[in-house]
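**Q** These protein sequences, in sequence, are chains P and U. Per UniProt numbering, the first sequence starts with residue 1, numbered consecutively. Per UniProt numbering, the second sequence starts with residue 1, numbered consecutively. Backbone N, C-alpha and C fix where the C-beta goes; we use that ideal spot for every residue, glycine too. Just so you know, these numbers come straight off a predicted model, no measurement behind them.
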Amino acid sequence: MNLSSKATCASHGQDSSYFLGWQEYEKNPYDEVRNPDGIIQMGLAENQLSFDLLESWLAENPDAASFRRNGESIFRELALFQDYHGLPAFKNALAKFMAEIRGNKVSFDPRNLVLTAGSTSANEALVFCLAEPGDAFLLPTPYYPGFDRDLKWRTGVEIVPIQCTSSNGFRITKPALEEAYDTARNRNIRVKGILVTNPSNPLGITLSDKELNLLINFVESKEIHLISDEIYSGTVFNSPRFTSVMEILLDRNYVDTEVRNRVHIVYSLSKDLGLPGFRVGAIYSNNPMVVATATKMSSFGLVSSQTQYLLSAMLSDEKFAKNYVVENQKRLKNRHMMLVQGMEDAGISCLESNAGLFSWVDMRHLLESDTFEAEMELWKKIVYDVGLNISPGSSCHCLEPGWFRVCFANMSEETLNLAMQRLKSFVDSIYQSNDSYGFFHNFSVKDSRRRLLKKWVFRLSSSDRGLERDR
Amino acid sequence: MLKHQQQFLSKIATNEGHGENSAFFDGWKAYDMNPYHPSKNPNGVIQMGLAENQLSFDLIQEWVKNNPRASVCTADGSDEFKDIAIFQDYHGLPEFRNAVARFMEKVRGNRVRFDADRIVMSGGATGAQETLAFCLADPGDAFLVPTPYYPGNDRDLTWRTRIRLVPVVCESSNNFKITRTALETAYQKAQESNIKIKGLLLNNPSNPLGTALDRESLTDSLHFTMEKKIHLICDEIYSATVFRQPGFISIAEIVQEDTASCNLDLIHIVYSLSKDLGFPGFRVGIIYSYNDMVTDCARKMSSFGLVSTQTQHLIGSMLSDDAFVGRFLKESSKRLGTRHGLLCGKLAKVGITSLKGNSGLFCWMDLRRLLKAQTFEAEMELWSVIINEVKINVSPGASFHCSEPGWFRVCFANMDDETMIVAMNRILEFVIQSKGMEAKNTRKQFWGSKLEISLSSRRLDAFFMSPHRMSPHSPMASPLVRART
């Protein structure tokens, strides 16, 4: 028409099935009273379990949200405050909060924190700082579908996948890293860094110390960056405890080293505090140039001073913040157990996980064939017939068909139970309705491994997969 | 180490595209190091380089106090807290969009209608400008921008987008009016250099001129863009700061009057609440495009700079209060007019003229007669004197890409009455000295015979009828900002 190529291409990723499911849900959303047959939203990684804690804090601290400090109005100061260095009280409180989540094994200097409008903005800004158009970041699969937009769209940067598979619980391995790096090099693409999500979305697992050390070794030897998106760090509800990449650097005594200057963290309060509407994100880096540049770039997406002030008051109440995290984790743990149990009752297993607002669910045995077409068929049945919006693994760039991300923290217990019942009925009906499905009735884990090996031998090349995704 | 470091970062991270290393930040630095305070630092630098609207906060504060539910996280509004806090739909809260659309209509005297579904959020006008550039142009493409223009355009429109700005030179000989000739000249020049022009950016009312575009300039610009089939972006962030006739004509009005000759797909408006309401801290930027694809694309891009729902809720409530909005617009405009009249009117008496302005938060002051030579070097020298000796931070025309030396932008709405008087006294004394004028009579002429003013500042409550509270004249003095190191 007359627009930029960015406006007319599909790199915003909005045509992905991840978003299509949302659209279907919007058309027919479940409501206990008004629409009990509607679609239940299980594709939304939101934390709705602990609002009561926030609400009672707000009721006890009315000044924070009404532009007052010690009863005095500070509306004017807040309305005028647009300094991209951020409200000092807020950054101080945020730095302490981040340290608290990490069991105070690391500390954060508020001067190295850059505030941004959500982690969406933080990730994009970091990529703008670190890479040229055409450069690439390596990302372990499966990964959050939004990265295709956040990291690539306006920056012109590529994503090359680090393929992780169910054979080892989707852990990052050295061969996978090397293969991804070589794939990029063979396509004449310069790799500028690796981006990992820890805890992982969609897997719901914390990266092991082994993986973290592997990553540090790799970025050190290849002289590239490491971005660790730690936005789910406060949602770890089971052991092993969360280990931040910063902790590994500390353990290895990497104080004044170059690699330390190339490790950056992205954070947000959308998942840990359940406040996605408030758009609070942050970049943390030990690299002064990155901090300086990202700070300037944050002009394009600053955090509202009204919100900075409210949250500085909330997070400065350290007792509250600590209790919140602990209680929230307890509730997440319970929900997670409910989901896993519900899945088991339906004969479905989940990847063993200890964090996040979702489970990575194995429905390979329900596929008609070991293909992504079959995954889509199954997904459509689950959305339209069963009435659950869950996220198919293909939208997360998973290498193997049959995995789905199912969220559990964005609904009431009753709704979750209903969802599990619907799923069970669906699975039971598959087993009963068609003889050819009798094969699956005796499905075992051993079978799945055998099938997987067979698939590895015949699998498509990763570049073909890439084309599939870009549709 | 630094050089080695640089190779790990992008060009964007290491180039000067952010514009902050420019010499024009020296004025800010001088102010930062020595900020004026009436009692603690009466000889400090007074900030007149900050285009902020601080004159009507009392009205807003009163509204906030009387409407606790609007601050959703209070006890009154807490039942809505959860829904607001989890709402991250980039369409924005419907009540927010509706309220903003209605507000924009009121600012335009209800002469136009805005479709609330076309209201798209952005991270301030800063984010809006950048997003539109991403939507409309590819790296290497260019926008035409009439000079003098807001220096932030260089960063906002070109830094990460990699597009270029081509100046449309406007001159004092015709009061910096945007003429068809100037537009064509700039366009031709770009063509000759093989630069692809994708759009024209207008700022109406203009920063730094402090004038609203007249109908002729607007229609000329519109016809020009339609003919060349390029986009027309109208940055109307000062639309409610108009304090005198002739009033403000929005591109939306021209579109409504003459829809047939407009290709609506090429017309876009940028808005913000930072200037009209004085809320730069709340980061409320708006893109309003008549083009469906652009609206769609900009909305997706708004993910990178959504407005906090806490703020959306507050704004939605506030701007839905018709009675309040009506009162506010009227009173704010009046106060701005008074300030402007004070600064420009009085200075004219001592031979310091400004471009005849009717809007904005600043005067475009003509100090050409104070230059040692009509050069930009002389302008920098004069500026240095103004900062270091007169102790006022103003913005030199060169920072706005003005084609002629000697013009300065002087802001008047970011301080209280007392500070304003101190500033004006300083300017007066400087003028008396520079021109070798007779001091006593000039002062009398300046302030009028009823009042005697000494060089030290004095409260003049009787002189100013404005009821608003005295307040620190700049957020830099705010206790919210601690030392950065």
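Mind checking the segment 249-272 of chain U against chain P and listing, in chain order, the residues whose C-beta falls within less than 8 Å of any C-beta there?
**A** From the segment 249-272 of chain U, only Asp265 and Leu266 have a Cβ closer than 8 Å to chain P.
**Q** Which class does Phe412/U belong to by DSSP, given the choice of helix, strand or coil?
**A** DSSP places Phe412/U in coil when its eight states are reduced to three.
**Q** Can you pull the chain U neighbours of Arg76/P, defined as C-beta to C-beta under 8 Å?
**A** Chain U residues near Arg76/P: Gln54, Phe57, Gln61 and Ser471.
**Q** Would you say Gly38/P reaches chain U, if we count a Cβ-Cβ gap shorter than 7 Å as a contact?
**A** No, Gly38/P lies away from the interface with chain U (no Cβ there is under 7 Å from its Cβ).
**Q** By the 8 Å beta-carbon criterion, what residues does the segment 8-32 of chain U contribute toward chain P?
**A** Correct list: Phe8, Leu9, Ser10, Lys11, Ile12, Ala13, Thr14, His18 and Glu20.
**Q** Kindly indicate if chain P contains any beta-carbon less than 7 Å away from that of Ala128/U.
**A** By this cut-off, Ala128/U is not an interface position.
**Q** Quick one: does Gln138/U have its CB under 7 Å from some CB of chain P?
**A** Contrary to the premise, residue 138/U reads as Asp rather than Gln in this sequence. It does: the Cβ of Asp138/U has a partner Cβ on chain P nearer than 7 Å.
**Q** Which residues bound the beta strand (DSSP E) around residue 489/P?
**A** Here chain P covers residues 1 to 471 and nothing more, so residue 489/P does not appear.
**Q** Please report the straight-line C-alpha distance between Asn358/U and Lys177/U, rounded to a whole angstrom.
**A** About 14 Å.
**Q** From Ser10/U, Leu218/U, Pro396/U and Leu355/U, pick the residue whose C-alpha is nearest to that of Thr375/U; which is it?
**A** Residue Pro396/U is the option with its Cα nearest to Thr375/U.
**Q** Which stretch, first to last residue, makes up the alpha helix (DSSP H) that contains Asn323/P?
**A** Taken as a continuous stretch (DSSP letters only), the alpha helix (DSSP H) holding Asn323/P covers Glu318 to Asp345.
**Q** Please classify Cys170/U: does DSSP put it in a helix, a strand, or coil?
**A** Cys170/U falls in the coil class under three-state DSSP.
**Q** Check the C-beta distance from Val290/P over to His264/P and give it rounded, since I have them as a contact under 8 Å.
**A** At roughly 6 Å, the Cβ-Cβ gap stays under 8 Å, so Val290/P and His264/P are in contact.
**Q** Below 8 Å between beta carbons is the criterion; list the residues of the segment 53-65 of chain P that meet it against any residue of chain U, in chain order.
**A** Under the 8 Å Cβ criterion, the segment 53-65 of chain P contributes Leu54, Glu55, Leu58, Ala59, Pro62, Ala64 and Ala65.
**Q** Using the beta-carbon count (16 or more within 10 Å), is Pro246/U buried or exposed?
**A** It is exposed - the Cβ of Pro246/U has fewer than 16 other Cβ atoms within 10 Å.
**Q** Closest to Gly169/P by CA distance: which of Leu58/P, Cys350/P, Ile74/P and Asn47/P is it?
**A** Checked all of Leu58/P, Cys350/P, Ile74/P and Asn47/P; the closest Cα to Gly169/P is Cys350/P.
**Q** Find the residues of chain U that neighbour Glu124/P, judging by a C-beta separation of less than 8 Å, and give them in chain order.
**A** Going along chain U in sequence order, the residues near Glu124/P (Cβ under 8 Å) are Phe304.
**Q** Taking Gln23/P as the query, report the chain U residues whose CB atoms sit under 8 Å from its CB, ordered along the chain.
**A** In chain order: nothing, as chain U lies at least about 12 Å away.
**Q** Pairing CB atoms from the segment 207-221 of chain P with CB atoms from the segment 258-274 of chain P, are three or more of them under 8 Å?
**A** Cβ pair count under 8 Å is three or more, so yes.
**Q** Please return the same chain residues whose Cβ sits closer than 7 Å to the Cβ of Ile387/U, not counting the five positions on each side in sequence.
**A** If we look at Ile387/U and ignore the five residues flanking it on each side, its Cβ neighbours are Gly27, Ala30, Val45 and Asn393.
**Q** Let me know the secondary structure DSSP gives Phe362/U once reduced to three states.
**A** Residue state, collapsed to three classes: strand.
**Q** Could you check if Leu9/U is buried or exposed, using at least 16 other CB atoms within 10 Å of its CB as the buried criterion?
**A** It is buried - the Cβ of Leu9/U has at least 16 other Cβ atoms within 10 Å.
**Q** Name, please, each residue of chain P whose Cβ falls closer than 8 Å to the Cβ of Leu314/U.
**A** Per Cβ cutoff of 8 Å: Gln306.
**Q** Do the segment 323-339 of chain U and the segment 52-70 of chain U touch if we need at least three Cβ pairs shorter than 8 Å?
**A** Flag = yes, the segment 323-339 of chain U and the segment 52-70 of chain U touch.
**Q** DSSP state of Gln47/U, grouped into three classes?
**A** Looking at Gln47/U - three-state DSSP - the assignment turns out to be strand.
**Q** Taking the beta strand (DSSP E) that Pro146/U belongs to, which residues open and close that run?
**A** Run containing Pro146/U: Ala142 to Pro146, per the beta strand (DSSP E) assignment.
**Q** Counting only C-beta atoms, is Gly448/U closer than 7 Å to chain P at any point?
**A** So no, Gly448/U is outside the interface.
**Q** Would Gly281/U count as contacting chain P if we go by Cβ distances under 7 Å?
**A** With 7 Å as the cut-off, Gly281/U counts as an interface residue toward chain P.
**Q** DSSP on Met121/U, reduced to helix/strand/coil?
**A** Reduced to three states, the DSSP call for Met121/U is strand.
**Q** Can you check whether the CB of Leu126/P is closer than 7 Å to the CB of Ile227/P?
**A** Contact: yes.
**Q** Since Ala315/P meets chain U, which of its residues come closer than 9 Å, beta carbon to beta carbon?
**A** The sequence given here has Leu at residue 315/P, not Ala. Residues of chain U passing the Cβ test: none, with the nearest at roughly 14 Å.
**Q** How many Å lie between Asn21/U and Thr295/P at the Cα?
**A** Approximately 14 Å, taken between the alpha carbons.
**Q** For Thr206/P, does the three-state DSSP call read helix, strand or coil?
**A** In the structure shown, Thr206/P sits in coil (DSSP, three-state: anything other than H, G, I, E or B).
**Q** Tell me Asp229/P's beta-bridge partners as DSSP assigns them.
**A** BP columns for Asp229/P point to Thr197/P and Val266/P.
**Q** Please tell me whether Glu413/P has its Cβ less than 7 Å away from any Cβ of chain U.
**A** Chain U, which has no Cβ nearer than 7 Å to the Cβ of Glu413/P, makes this no.
**Q** So what does DSSP say about Gly393/P, is it helix, strand or coil?
**A** Reduced to three states, the DSSP call for Gly393/P is helix.
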